[in-house]
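Visitor: Sharing a structure here in structure tokens format.
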Amino acid sequence: MDFYILKKQDKLVAIPADEQNCKQYLEDGYFYVDKVAACNEKSALKVLQNKQTKVFKTPVLLFLLALPVVAFIWWQITR
């Protein structure tokens with residue numbers, strides 16, 4: 001089942017992907033964040049959190065992998 005993730009200030013809400021229901025939330029001051037597939041509202045919010053942490057983890061891991069290589073090359077040049 002698909003869910004819309006909506007946000008108002010610091011509050012995240014997952015609602016079933018129904019455009020009429022979504023419009024009511026948007027009129028109440030919420031704004032659209034994402035659309036995810038999940039079993040229920042709670043797992044939809046977890047799916048969103050996992051998506052956001054993946055976006056952060058990938059560049060950090062690439063940087064940590066490249067750091068020893070750059071350090072080794074720098075050490076070879078300055079020797």
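Counting in UniProt numbering, the final residue of the sequence shown is number 79, and the numbers go up one at a time with none missing.
The beta-carbon is built from N, C-alpha and C at its ideal position, and this holds for glycine as well.
The structure presented is a predicted model; accordingly, all values stated were derived computationally and were not measured.
1. Alpha carbon to alpha carbon, how far is Ala-37 from Pro-16?
2. For Phe-31 versus Leu-6, is the C-beta distance shorter than 9 Å?
3. What is the C-beta distance between Glu-41 and Phe-3, in whole angstroms, given that I count them as a contact (C-beta under 8 Å)?
4. So the candidates are Ile-77, Phe-56, Ala-14 and Lys-57; which of them puts its Cα closest to the Cα of Ser-43?
5. I'd like to know whether the C-beta atoms of Gly-29 and Lys-8 end up nearer to each other than 9 Å.
Guide: Per the coordinate set shown:
1. 10 Å
2. yes
3. 7 Å
4. Ala-14
5. yes
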